[in-house]
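In the working numbering, the protein residues as written are 108 to 361.
These notes concern the structure reproduced below.
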Ligand SMILES: NC(=O)c1ccc[n+]([C@@H]2O[C@H](COP(=O)([O-])OP(=O)(O)OC[C@H]3O[C@@H](n4cnc5c(N)ncnc54)[C@H](OP(=O)(O)O)[C@@H]3O)[C@@H](O)[C@H]2O)c1
């Protein structure tokens with residue numbers, strides 16, 4: 108984390124997908140700025156570890172176990188945050204995944220529906236859970252998560268690409284609808300990010316090959332994504348909404 112944003116101190120931030128990878132890193136980055144952070148995921152143990160790490164570093168965090176495809180569970184998250192920290196200033200809807208390659212002829216209907224649920228419908232449900240509070244206060248910053256696969260055809264499966272392209276339009280639609288209410292909505296579209304999971308699954312020689320496809324000649328890091336998230340949530344981005352930021356080392360194709 109490189110930037111310092113004094114105004115984020117004391118703000119309340121919810122990060123879905125906060126139990127690991129990009130979301131956990133982003134949660135730690137907001138906490139390091141003095142924000143109070145709620146991390147959301149399904150893995151209670153992993154969430155507890157993130158909270159313990161933030162707390163040990165002097166930050167404020169709470170865990171909320173929820174499946175983001177379940178609107179009732181998301182209502183529970185909102186109640187937890189309300190009780191512990193108060194109204195939400197920044198909502199980072201980052202939970203998702205499931206981009207692994209599958210030829211379309213072999214992509215089952217069930218898998219298609221699951222990916223659309225976990226990567227697109229979940230974002231709609233997450234936003235809906237926190238939107239009434241933001242509308243009431245006339246302020247808020249929403250960050251959504253797409254990917255390079257949502258920006259152009261890729262090796263990821265079709266459902267993932269379509270879901271992530273949907274997140275880009277969801278972001279633009281919401282930015283137009285919610286701007287007059289003081290709410291900004293921006294999207295992050297990372298290319299290959301070296302999370303723990305990617306590190307485990309992608310052999311070193313493949314990492315090097317993928318890195319070389321990026322003009323900046325390296326893979327992204329969770330910190331690269333967290334830095335972009337901090338900026339977009341900061342007051343310095345107060346005139347920015349509806350953007351999709353390609354956190355992609357220069358691999359920009361549109
Ligand atoms: N890594 C990359 O190269 C890359 C590139 C572009 C976009 N992205 C996007 O960035 C986001 C985070 O990716 P990552 O690489 O950090 O993935 P990761 O390490 O696999 O972490 C995924 C996170 O999403 C949560 N999650 C997934 N489905 C969920 C559900 N139904 N309910 C609640 N939580 C759920 C997981 O929580 P639990 O495990 O606790 O359930 C976990 O915290 C994803 O949306 C992914 O598509 C990643």
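Don't be surprised by glycine CBs; every beta carbon is placed ideally from N, CA and C.
Since this is a predicted model, take the numbers as computed values, not measurements.
C-beta contact flag for residue i and residue j at 9 Å
i	j	result
residue 145	residue 192	yes
residue 294	residue 274	yes
residue 155	residue 170	yes
residue 265	residue 231	no
Rounded separation between residue i and residue j - CA only
i	j	result
residue 259	residue 355	13 Å
residue 283	residue 348	8 Å
residue 121	residue 197	6 Å
residue 346	residue 292	11 Å
residue 240	residue 340	17 Å
residue 343	residue 210	43 Å
residue 205	residue 319	24 Å
residue 107	residue 142	The structure shown has nothing for residue 107, since the chain only spans 108 to 361.
Residue range of the beta strand (DSSP E) that includes residue i
i	result
residue 198	197-200
residue 170	167-172
residue 305	Premise fails: residue 305 lies in the alpha helix (DSSP H), 303-308, not in any beta strand (DSSP E).
residue 123	119-123
Buried versus exposed call for residue i [16 or more other C-beta atoms within 10 Å across all chains shown]
i	result
residue 215	exposed
residue 351	buried
residue 280	exposed
residue 322	exposed
residue 207	exposed
residue 220	exposed
residue 331	buried
residue 140	buried
residue 247	buried
residue 184	buried
residue 152	exposed
Residue range of the alpha helix (DSSP H) that includes residue i
i	result
residue 148	Element bounds for residue 148: not the alpha helix (DSSP H) but the beta strand (DSSP E), 143-148.
residue 353	Run containing residue 353: none in the alpha helix (DSSP H); it sits in the beta strand (DSSP E), 351-354.
residue 313	311-318
(request) Would you mind listing the alpha helix (DSSP H) stretches within the stretch 210-295 that are 4+ residues and don't spill past its ends, in chain order? (result) 216-223, 229-244 and 265-285
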